[in-house]
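As C-alpha cells, the structure follows; a few thoughts come after it.
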Amino acid sequence: MKYDVLMQPVIEFLGCETPKVWIDEALNNLDILMQDHANCEKKAASTAMNLMFRYSFFADLQVKLAQLVREEMLHYEQVLELMKKRGQTWQALSAGRYATGLRKEVRTYEPEALIDILIIGAFVEARSCERFYALAPHVDEELGRYYGYLLKSESRHYEDYLSLALEVANTSKLKNAKETIQQRIEHIRGVEKELILSSDDTFRFHSGIPIKAS
Ligand SMILES: [Fe+2]
Ligand SMILES: [Fe+2]
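Quick note, the sequence shown lines up with residues 9 to 222 if you use our numbering.
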C-alpha cells in the first residue's frame with residue numbers, strides 16, 4: 009500500500025498492530041467510530057493547549073504544540089463536516105478507558121511528569137495513525153481517502169511528541185537522558201499494548217478487543 013514506508017517506524021514503535029476483530033467491530037459501528045474520532049481530535053487539541061499553558065517556559069514546545077493544536081482543530085472541523093454530509097447527528101458519547109489508562113502512568117514530579125505526558129502523546133498519535141492505516145482499505149472511498157490524509161499528520165505528531173520528550177530530558181539535564189527515555193518508552197509501550205489487546209466492553213476509536221470477540 010501507498011503508505012507502507014511512512015508507517016514502518018510507527019508500527020515498530022507500537023507494541024502491536026490493531027487486531028482484525030477491532031476493525032470488524034469498527035465497520036459495524038461507523039457512527040460511534042466517527043463521533044468518538046471527532047471527540048479525540050478535540051481532546052488532542054485541548055491536551056496540547058493545556059501543555060502550552062502549563063509549560064510556558066519551553067520555547068520549542070510552544071512552537072510545535074501551537075501547530076499541533078491548529079491541525080487537530082482542523083481535523084475536528086473536518087470530521088464534523090463529514091458527519092453532517094452523511095446525515096449523522098451529533099451524539100454525546102462517554103470517553104473510553106484508553107486515555108485514562110495511559111494517564112495513570114504519569115509520574116507526579118518534574119521533569120518526569122512532562123516527559124511521561126509527551127511519551128504518552130507519542131503513543132496516542134502513533135496508535136491513531138496506525139488505526140487510520142488499518143481502517144482505510146475497508147471503509148468507503150471518501151473516508152478511506154480522508155484517513156490516508158490524516159495518517160500523515162498523525163505520524164508527524166507522533167514524531168514531534170517523541171522529539172519533545174527527548175529535548176525536555178536533555179535540557180533538564182536528566183541523568184542518562186537517552187536510556188531513561190528508552191526505559192519509559194518501553195514501559196508505556198507495554199501498558200498501551202495491554203489496552204489494545206485486552207477485552208474492552210466499550211467500543212471506541214482507541215478501544216481494546218470487543219468483549220464479544222474475546
Ligand atoms: Fe488529528
Ligand atoms: Fe494528532
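The beta-carbon is built from N, C-alpha and C at its ideal position, and this holds for glycine as well.
- Excluding sequence positions up to five before and after E162, its CB lies within less than 6 Å of the CB of E133, S136 and C137, all in the same chain and listed in chain order.
- Between I128 and E113 a beta carbon distance of about 7 Å is seen, short of the 8 Å cut, so the two are scored as contacting.
- By the neighbour-count criterion, in which 16 or more other beta carbons inside 10 Å mark a residue as buried, R192 falls on the buried side.
- Pairwise C-beta distances place the stretch 17 to 27 out of contact with the stretch 70 to 83, as fewer than three of them are shorter than 8 Å.
- Closest in C-alpha terms to Y106, from the list F211, K160 and V18, comes F211.
- Around A52, the same chain offers E80 as residues with beta carbons nearer than 7 Å, after the five sequence neighbours per side are excluded.
- Taking 8 Å as the cut-off, the beta carbon of F131 is found no closer than this to the beta carbon of I189.
- DSSP lists P218 as the bridge partner or partners of D208.
- DSSP, read as helix, strand or coil, puts G23 in coil.
- Between the stretch 172 to 189 and the stretch 59 to 71, the count of Cβ pairs shorter than 8 Å is three or higher; the stretches touch.
- Following the DSSP letters along the chain, one finds K160 inside the alpha helix (DSSP H) bounded by residues E149 to T179.
- Rounded to the nearest angstrom, the Cβ distance from I217 to A177 is 34 Å, too far for a contact under 8 Å.
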